[in-house]
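Residue numbers (the numbering used here): 137 to 395.
Take a look at the structure below.
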Amino acid sequence: MQKYLVANYHTHTPRCKHASGTEEEYVKAAVRAGIKVLGFADHVPCPPEDGFVSGIRMGMEEAADYVRDIRALQKKYEDQIQICVGFEAEYIPWYYEKQMALFEELGIDYMIMGQHFLGSEQERVYAGMPNRTEEFLIAYVDRVIEGMKTGSFLYLAHPDLVRYEGEETVYRREITRLCVALKDMAIPLEINLLGILEGRHYPRELFWEIAGEAGNEVIIGIDAHSPDQIGKMDYYRKGIALVEKYNLHLIDGMGMIHR
Ligand SMILES: [Zn+2]
Ligand SMILES: [Zn+2]
């Protein structure tokens with residue numbers, strides 16, 4: 137078998153309303169691809185505020201079923217693959233305590249940070265919107281660093297989601313600040329294969345050039361939103377090409393042991 141990912145911590149489920157396939161189909165695809173550790177990190181539910189209902193994440197009331205279903209698969213497939221269950225979460229200071237309470241209550245294994253929004257989702261400040269404002273980029277970097285200081289997140293998913301299109305000197309300065317801070321905290325950065333697969337604005341080459349200079353640890357994440365996205369060798373190879381081009385320090389996994 138050709139070399140592929142040993143571990144993938146970025147797998148979604150249909151509960152987020154924008155992914156397809158059953159949880160078990162993701163597991164089977166991972167086993168077929170030779171993956172040893174499969175982490176489900178579906179979009180974290182957020183407590184409803186002002187009647188806002190998210191169209192891109194599970195409801196709070198679904199979280200227990202999500203964990204229960206993944207735990208059942210963990211048991212069923214324990215001889216073939218190690219499964220863990222977590223969330224992909226934004227760091228939102230005013231939600232953080234509630235998020236951690238949920239984390240504790242559900243007994244999940246980990247969280248990765250995916251800072252899709254600068255604040256809460258209902259404020260609709262999407263970090264991936266094209267933007268030329270310096271303050272916007274600074275706010276993203278500040279928020280990520282502040283969140284990572286909590287020590288609650290395993291790694292930073294698609295760190296290059298932030299879509300600042302202003303001065304390159306500003307981008308270099310702020311992304312260097314981000315990379316150096318995360319390196320000091322020993323928090324890896326994720327090369328996101330879904331971004332490659334869907335031709336999104338990330339991975340952004342300049343980001344990875346800067347990460348290469350800063351010497352961050354890098355991990356590859358599939359960000360699977362359908363089972364057939366697992367095991368696609370050509371996209372994996374494009375991720376590896378980035379690693380090689382920018383001399384990135386690739387790690388295989390996080391040494392995750394499930395409960
Ligand atoms: Zn998603
Ligand atoms: Zn994401």
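Idealized CB from N, CA, C, for every residue including glycine.
Remember, predicted model here, so these are calculated numbers, not experimental data.
Is Ala293 near ligand 2, going by C-beta to nearest heavy atom under 6 angstroms?
-> yes
Could you spell out the range, first to last residue, of the alpha helix (DSSP H) harbouring Asp320?
-> It spans Glu304 to Asp320 - the alpha helix (DSSP H) in which Asp320 sits, taken as one unbroken run.
Endpoints, the alpha helix (DSSP H) within which Glu396 is located = In the structure displayed, the chain extends from 137 to 395; residue 396 sits before or after that span and is not available.
Quick one: residues in its chain with C-beta nearer than 7 angstroms to the C-beta of Gly255, no 5 flanking neighbours on either side, listed in chain order?
-> Ile228 and Val261
Please confirm whether any heavy atom of ligand 2 lies closer than 6 angstroms to the CB of Thr250.
-> First, the amino acid is wrong: residue 250 is Gly here, not Thr. Checking every heavy atom of ligand 2 against the Cβ of Gly250, one is found closer than 6 angstroms.
Over what stretch of residues does the alpha helix (DSSP H) that includes Leu242 continue unbroken?
-> Segment Tyr232 to Leu242, the alpha helix (DSSP H) holding Leu242.
Could you tell me the distance, in whole angstroms, from the CA atom of Phe223 to the CA atom of Ile323?
-> 17 angstroms
Under a three-way DSSP split, which group does Tyr276 fall into?
-> Helix, per DSSP.
What number of angstroms, rounded off, separates the C-alpha of Gln258 from the C-alpha of Asp215?
-> 42 angstroms
Kindly list the residues whose CB is nearer than 7 angstroms to the CB of Ile192, restricted to its own chain and excluding five residues on each side of it in sequence; keep chain order.
-> Cys152, Lys153, His154 and His179
Would you kindly report the start and end of the unbroken alpha helix (DSSP H) that includes Leu329?
-> Leu329 to Leu333
Kindly indicate which three-state DSSP category Tyr338 falls into: helix, strand or coil?
-> coil
Spatial neighbours of Asn115 in its chain, beta-carbon cut-off 7 angstroms, leaving aside the 5 residues before and after = Shown here, the chain extends from 137 to 395; a query on residue 115 therefore has no answer.
Sequence-distant residues of the same chain with beta carbon closer than 8 angstroms to Glu304, five excluded per side = Leu342
Given a cut-off of 7 angstroms, decide if Leu238 and Val163 are closer than it, judged by their beta-carbon atoms.
-> no
Candidates Lys374, Cys315 and Gly348: closest to Glu334 by CA position = Lys374
Quick one: residues in its chain with C-beta nearer than 8 angstroms to the C-beta of Phe188, no 5 flanking neighbours on either side, listed in chain order?
-> Glu257 and Gln258
In terms of alpha-carbon separation, which member of Ile346, Leu325, Val316 and Asp388 lies closest to Tyr307?
-> Ile346
Shell residues, 7 angstroms Cβ cut-off relative to heavy atoms of ligand 1 = His148, Cys152, His154, Ala155, His179, Ile192 and His361
Val142 by DSSP, collapsed to three states: which one?
-> coil
Alpha carbon to alpha carbon, how far is Met236 from Arg313?
-> Taken atom to atom, the span from the alpha-carbon of Met236 to that of Arg313 is near 27 angstroms.
DSSP beta-bridge partners for Ile228?
-> Bridge partners of Ile228: none, in fact.
Between the C-alpha atoms of Ala199 and Pro183, what's the straight-line distance to the nearest angstrom?
-> 11 angstroms
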